[in-house]
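In the numbering used here, each residue carries its 1-based index in the sequence shown increased by 347.
Glycine is no exception: its CB is placed at the ideal position from the N, C-alpha and C atoms.
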Amino acid sequence: MIVFPLTHGDIFMQPGFGLFFCLLVILSVAYISHRYLHSRKFFKDKTWLLICLIWTVFTFIGLMGAVLPVSVYPARFWGFIPIGASILAGYMLEVIQEKVRLMGGDPRIITIIILFLIVLTSGYYKARVQVKPWPSDIGIFLDNQIQGYVNLAHLPPNTMVYPLCMEDKYVIGMDKMSLPWDRNTVIFRHSSDKLNPSQLTKFLRTYDYEYLMIESYCVEQCVTDTMKYHAETVSKSRARDQCIQNLASFLGELVVHNVYERRYTDNKTGLFFIQHNYED
348 MIVFPLTHGD IFMQPGFGLF FCLLVILSVA YISHRYLHSR KFFKDKTWLL
398 ICLIWTVFTF IGLMGAVLPV SVYPARFWGF IPIGASILAG YMLEVIQEKV
448 RLMGGDPRII TIIILFLIVL TSGYYKARVQ VKPWPSDIGI FLDNQIQGYV
498 NLAHLPPNTM VYPLCMEDKY VIGMDKMSLP WDRNTVIFRH SSDKLNPSQL
548 TKFLRTYDYE YLMIESYCVE QCVTDTMKYH AETVSKSRAR DQCIQNLASF
598 LGELVVHNVY ERRYTDNKTG LFFIQHNYED
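If you want it as structure tokens, here you go:
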């Protein structure tokens with residue numbers, strides 16, 4: 348990945364550098380090490396070069412942290428390692444220009460060749476990532492799923508909406524209200540009662556949730572869990588059919604519990620469904 352960049356990645360930091368850029372950095376480290384071994388005073392007037400070398404080595408170790416016993420979010424080092432690596436690559440280019448000049452050659456020609464090779468092995472991948480349209484953070488499983496979120500946006504701001512399977516941020520991002528910071532809510536989300544219709548109804552009424560959002564991700568999550576439980580001996584289509592049946596049964600029980608409890612309360616808690624026809 349470091350030598351051969353990917354044509355996809357994060358919008359703020361593209362993983363990978365490119366073959367020729369990496370070659371320049373490696374040559375720079377080798378050249379600096381060779382000069383230092385022959386003269387301990389090499390860094391006396393090049394303190395900046397020593398800092399860049401230490402910076403690059405440290406961030407490279409951090410980047411490779413996934414295979415080390417201790418690591419600190421290795422992917423984040425993609426944003427720091429280019430600082431030192433770029434300076435080392437530039438220093439090596441300057442060294443090459445000087446060597447060519449001493450040999451009687453034209454440094455401009457070698458500079459053009461090197462820059463062309465860098466663009467060829469690095470620039471193309473960077474451009475591919477930067478010109479792609481970047482989607483929102485909401486994963487869309489089905490095309491008509493977007494309409495459900497459009498309907499959600501039509502609700503008044505700060506309406507209490509409880510997402511059954513998705514994270515609260517998908518509700519809050521649509522200017523609605525949920526309670527991801529509430530300790531009891533977090534506990535309930537990770538309890539076995541979260542899919543118990545009576546307990547779920549009680550929870551919704553306790554916190555004055557007006558809507559319950561059940562969306563296609565619930566089925567996708569169920570399919571994944573079902574296939575894992577059966578060690579992938581069950582086909583994906585069969586697992587999905589079973590999950591849809593379970594969800595339909597769950598919705599039926601949930602409606603019964605809500606109708607039953609409405610006879611004894613004025614709470615206007617309702618159901619907000621984002622439902623679709625699932626196809627393989």
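(message) Does L397 come out as helix, strand or coil in the three-state DSSP assignment?
(response) helix
(request) Would you mind stating whether L366 and I379 have Cβ atoms separated by less than 8 angstroms? (result) no
(message) I need the boundaries of the beta strand (DSSP E) containing P510, first residue and last residue.
(response) 508-510
(request) Determine whether the Cβ of T458 lies closer than 8 angstroms to any Cβ atom of chain D. (result) Judged by its chain identifiers, the structure shown contains no chain D, having just a single protein chain.
(request) Determine the extent of the alpha helix (DSSP H) in which L440 is found, giving its start and end residues. (result) 428-449
(message) Taking 8 angstroms as the threshold (C-beta atoms), are V372 and A436 in contact?
(response) yes
(request) Assuming N505 and M521 form a contact by the criterion Cβ under 8 angstroms, report the distance between their Cβ atoms to the nearest whole angstrom. (result) About 11 angstroms; that fails the 8 angstroms criterion.
(request) In angstroms with no decimal places, state the Cα-to-Cα distance between F364 and P429. (result) 8 angstroms
(request) Give the secondary structure of Y383 by DSSP, where H, G and I count as helix, E and B as strand, and everything else as coil. (result) helix
(message) Could you give the first and the last residue of the continuous alpha helix (DSSP H) run that contains Y517?
(response) 516-519
(request) Rank V417, A432, V414, G409 by C-alpha distance to the C-alpha of F424 and give the top, closest one. (result) G409
(message) Distance check for A432 and P352, CA to CA, integer angstroms please.
(response) 15 angstroms
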